[in-house]
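J.: Counting from 1, one number per residue, gives the positions in the sequence shown under the UniProt record's numbering.
For glycine and all other residues, C-beta sits at the position ideal for the given N, C-alpha and C.
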Amino acid sequence: MCDTVSCGASVRLIVSWLSIGRRKHKRKGAAEASVTLRHSFENPRRRSGCPKDQTGDPYSGLLLENACAAGMDRVDGYNVYIGSLFALRNQDALKEANITHVVSAVGPKERPSAISSLQSYDGLRGHLTLDLIDQDKENIIQHFPQAVQSIKAAIADGGAVLVHCGLGVSRSATIVLAYMLFQARPRLAPGDALLVLRGSRARCQPNAGFTEQLALYHQMGCPKILEDQILYQQFLSIET
Numbered sequence: 001m002c003d004t005v006s007c008g009a010s011v012r013l014i015v016s017w018l019s020i021g022r023r024k025h026k027r028k029g030a031a032e033a034s035v036t037l038r039h040s041f042e043n044p045r046r047r048s049g050c051p052k053d054q055t056g057d058p059y060s061g062l063l064l065e066n067a068c069a070a071g072m073d074r075v076d077g078y079n080v081y082i083g084s085l086f087a088l089r090n091q092d093a094l095k096e097a098n099i100t101h102v103v104s105a106v107g108p109k110e111r112p113s114a115i116s117s118l119q120s121y122d123g124l125r126g127h128l129t130l131d132l133i134d135q136d137k138e139n140i141i142q143h144f145p146q147a148v149q150s151i152k153a154a155i156a157d158g159g160a161v162l163v164h165c166g167l168g169v170s171r172s173a174t175i176v177l178a179y180m181l182f183q184a185r186p187r188l189a190p191g192d193a194l195l196v197l198r199g200s201r202a203r204c205q206p207n208a209g210f211t212e213q214l215a216l217y218h219q220m221g222c223p224k225i226l227e228d229q230i231l232y233q234q235f236l237s238i239e240t
């Protein structure tokens with residue numbers, strides 16, 4: 001579910017960025033793309049990816065893709081949503097999806113926006129902030145146990161969880177995948193989990209370093225405590 005041009009400031013901002021210097025170019029195609037977006041973005045349980053652009057115009061297709069990236073998608077089989085930083089600004093959508101807990105996988109520059117966007121959301125019961133930037137060498141595995149247990153507890157309490165990062169592509173996908181691996185251990189392999197996740201949000205793609213750490217987490221059996229694991233100790237020694 002995403003904010004549309006008509007129902008959210010986030011996508012209007014994205015469209016504005018993309019439209020600089022081109023407001024007079026292909027205006028009809030952009031308007032048609034906006035109409036195409038509306039139904040999909042207003043449905044909190046829509047399936048993966050963006051609706052297909054029907055205009056044939058590359059520019060309107062670009063608007064469609066970037067606006068779609070601004071929203072959130074429900075992960076099939078889980079009461080978990082994955083999305084971007086912009087998804088926090090559509091509080092009507094958060095309420096409709098019964099979002100009670102948020103996991104923010106964000107860096108220092110993104111954190112203030114995540115916090116301020118949620119200050120007026122009265123449906124929030126818990127907000128976990130993970131200090132993460134989207135780089136291959138970032139130690140994201142250290143956050144898996146806390147994030148997984150937080151998501152698990154929120155769902156057990158009858159809530160729904162939104163996991164987000166900047167664009168809803170790498171950091172948030174990695175955290176959601178860690179939760180999926182933990183819940184289905186040891187049956188679900190990381191690659192298979194990613195296929196399932198992409199069925200709900202096609203753009204999900206952890207970076208290479210995060211992918212390796214997911215494989216390590218799975219190899220260790222998705223433990224609740226990492227520090228006791230020899231493989232994790234070896235990972236830390238290599239990292240330093």
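1. Under DSSP, the alpha helix (DSSP H) around I82 begins and ends at which residues?
2. Against chain C, does G107 count as a neighbour if the rule is that its beta carbon must be under 7 Å from one of theirs?
3. Does any heavy atom of the ligand PLP sit closer than 6 Å to the C-beta of G159?
4. Cβ atoms of I82 and residue 245: under 7 Å apart, would you say?
5. Taking buried to mean at least 16 other C-beta atoms within 10 Å of its own C-beta, is S237 buried or exposed?
6. Give the straight-line distance between the Cα atoms of residue 249 and Q119, rounded to the nearest whole angstrom.
7. For the putative contact between P145 and I225, defined by C-beta atoms under 8 Å, what is the C-beta separation to the nearest angstrom?
8. Mark P112 as exposed unless 16 or more other C-beta atoms lie within 10 angstroms of its C-beta, in which case mark it buried.
9. So, H127 versus V102, is the Cβ gap smaller than 7 Å?
10. Which residue comes first and which comes last in the alpha helix (DSSP H) that contains D122?
11. Apart from the five residues on each side of it in sequence, which residues of its chain come closer than 7 Å, Cβ to Cβ, to A153?
12. Here's the rule I'm using: 16 or more other beta-carbon atoms within 10 Å means buried, otherwise exposed. How should D134 be labelled?
13. Around the Cβ of Q233, are there at least 16 other Cβ atoms within 10 angstroms (buried) or fewer (exposed)?
14. On a Cα-Cα basis, can you pick out the residue from V169, E227 and Y121 that is closest to N98?
15. Between which two residues does the beta strand (DSSP E) carrying S104 extend?
16. Report the CB separation of T174 from I140 in whole angstroms; it is logged as a contact under 8 Å.
17. Express the C-alpha separation of F235 and V163 in angstroms, rounding to a whole number.
T.: Quick answer:
1. As a working note, residue 82 is residue 82 in the sequence shown. Segment V80 to G83 is the beta strand (DSSP E) holding I82; no alpha helix (DSSP H) there.
2. The question asks about chain C, but that chain is absent: this structure has only one protein chain.
3. The ligand content of the structure shown is nil, which means the ligand PLP is not present either.
4. Because the chain is modelled from 1 through 240, residue 245 falls outside the range shown and cannot be assessed.
5. Taking the sequence shown and counting its residues from 1, the one referred to as residue 237 is at position 237. Label assigned to S237: exposed.
6. Beyond the ends of the chain as shown, which are 1 and 240, falls residue 249; an answer cannot be given.
7. Along the sequence shown, one-based indexing puts residue 145 at 145. Along the sequence shown, one-based indexing puts residue 225 at 225. The Cβ separation is near 7 Å, so the contact holds.
8. Taking the first residue of the sequence shown as position 1, residue 112 is located at position 112. So P112 ends up on the exposed side.
9. Sequence index remark: in the sequence shown, residue 127 carries index 127 (1-based). Sequence index remark: in the sequence shown, residue 102 carries index 102 (1-based). Taking a C-beta distance under 7 Å as the contact criterion, H127 and V102 qualify as a contact pair.
10. As a position in the sequence shown, residue 122 is number 122, starting the count at 1. Per DSSP, D122 belongs to no alpha helix (DSSP H) and is neither H nor E.
11. Against the sequence shown, residue 153 aligns to sequence position 153. None.
12. Walking along the sequence shown from the start, residue 134 turns up at place 134. Burial call: buried.
13. Here the question's residue 233 lines up with position 233 in the sequence shown. Its Cβ having fewer than 16 others within 10 Å, Q233 is exposed.
14. Taking the sequence shown and counting its residues from 1, the one referred to as residue 98 is at position 98. Selected option, being the one with the closest Cα: Y121.
15. Position 104 of the sequence shown, counted from the first residue, corresponds to residue 104. Note, S104: beta strand (DSSP E), I99 to V106.
16. Stepping through the sequence shown from its first residue, residue 174 is reached at position 174. Stepping through the sequence shown from its first residue, residue 140 is reached at position 140. That pair is a contact at about 6 Å.
17. Working through the sequence shown from its first residue, we reach residue 163 at position 163. Working through the sequence shown from its first residue, we reach residue 235 at position 235. Taking the straight line from one Cα to the other gives about 25 Å.
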